[in-house]
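Asks:
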Amino acid sequence: MMESSWPSLVAGVATAFTAILYARASLHKLFDLTAFSGFVEDYQLAPRAWSKSIAVALALLETTIVAALVAPMTRPFGLLIGAALLAVYAGAMAINIRRGRSYVECGCGGPVQPINGATLMRNGALMAMALLGLVAPGNGLGAAEAFTVIAGGATLFIGFLLVEQMIANASHLKTRH
Numbered sequence: 001m002m003e004s005s006w007p008s009l010v011a012g013v014a015t016a017f018t019a020i021l022y023a024r025a026s027l028h029k030l031f032d033l034t035a036f037s038g039f040v041e042d043y044q045l046a047p048r049a050w051s052k053s054i055a056v057a058l059a060l061l062e063t064t065i066v067a068a069l070v071a072p073m074t075r076p077f078g079l080l081i082g083a084a085l086l087a088v089y090a091g092a093m094a095i096n097i098r099r100g101r102s103y104v105e106c107g108c109g110g111p112v113q114p115i116n117g118a119t120l121m122r123n124g125a126l127m128a129m130a131l132l133g134l135v136a137p138g139n140g141l142g143a144a145e146a147f148t149v150i151a152g153g154a155t156l157f158i159g160f161l162l163v164e165q166m167i168a169n170a171s172h173l174k175t176r177h
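Residue numbers (the UniProt record's numbering): 1 to 177.
#1: Just how far apart, CA to CA, sit residue 41 and residue 142?
#2: Is there at least one non-hydrogen atom of the ligand HEM closer than 8 angstroms to the beta-carbon of residue 67?
#3: Spatial neighbours of residue 162 within its chain, please: CB distance less than 7 angstroms, with the 5 preceding and 5 following residues excluded, ordered by chain position.
#4: So does the segment 151-159 actually touch the segment 87-104, counting three or more Cβ pairs closer than 8 angstroms?
#5: How big is the Cα-Cα spacing for residue 69 and residue 13?
#6: Give every residue of the same chain whose Cβ lies closer than 6 angstroms to the Cβ of residue 29, excluding the five residues on either side of it in the sequence, and list them in chain order.
#7: Where does residue 111 fall in DSSP's three states?
#8: Classify residue 98: buried if its beta carbon has 16 or more other beta carbons within 10 angstroms, exposed otherwise.
#9: Let's see if you can read the secondary structure: which residues bound the alpha helix (DSSP H) around residue 75?
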């Protein structure tokens with residue numbers, strides 16, 4: 001068993017979580033590009049004719065982020081680009097919320113979620129998680145540490161799914177009253 005430092009384990013868990021997050025997001029987009037193109041169009045930040053191309057580019061970028069997170073040499077790049085993309089998504093949400101267009105579907109995958117302050121905070125937390133992956137190199141983990149990192153990332157992702165569902169439920173309850 002190799003001796004790992006806490007920062008390496010924390011960075012590894014954050015990286016594993018970010019990889020799972022982007023794998024889910026990219027698969028969601030790739031398996032239904034038509035729906036995702038509609039979400040891109042709903043944001044009204046680019047000409048309508050560009051929606052499909054932007055949707056494809058975003059799905060491919062997310063897939064590239066996942067691939068970058070797997071390889072130790074490209075991991076920092078993947079974490080930085082992943083955090084930056086979350087910031088871009090949050091900016092698009094903020095612009096539309098400011099325009100009074102909070103009925104726009106997030107388009108992130110998972111349960112239907114109109115954009116709101118909670119989705120902006122969620123993206124901020126996800127950006128912080130991606131950047132946390134940069135605190136230490138995740139290289140040279142032994143089998144036990146690698147298992148811990150993967151299990152930790154998966155556990156955090158399950159918690160994320162629960163929070164995401166609560167945000168979606170709160171949005172639905174708000175529209176019913």
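The beta carbon of each residue, even a glycine, is placed where N, CA and C say it ideally should be. Computed from a predicted model, the values in this text were never measured in an experiment.
Replies: Checking against the coordinates, here is how it stands:
#1: Locating residue 41 in the sequence shown gives position 41, where the first residue counts as 1. Locating residue 142 in the sequence shown gives position 142, where the first residue counts as 1. Rounded to the nearest angstrom, the two C-alpha atoms are 46 angstroms apart.
#2: As for the ligand HEM, it is missing from this structure, which has no ligand bound.
#3: Counting from one through the sequence shown, the residue named residue 162 turns up at place 162. Nothing meets the Cβ criterion.
#4: no
#5: As a first step, residue 69 must be located in the sequence shown, where it is residue number 69. As a first step, residue 13 must be located in the sequence shown, where it is residue number 13. Each residue's Cα considered, the two are about 12 angstroms apart.
#6: Along the sequence shown, read from residue 1 onward, the residue named residue 29 stands at position 29. So the list reads 36 and 59, once near-sequence residues are dropped.
#7: In the sequence shown, the residue the question calls residue 111 occupies position 111. If DSSP states are grouped into helix, strand and coil, residue 111 belongs with coil.
#8: Stepping through the sequence shown from its first residue, residue 98 is reached at position 98. Result: exposed.
#9: By 1-based counting over the sequence shown, the position of residue 75 is 75. Here the alpha helix (DSSP H) through residue 75 covers 75-98.
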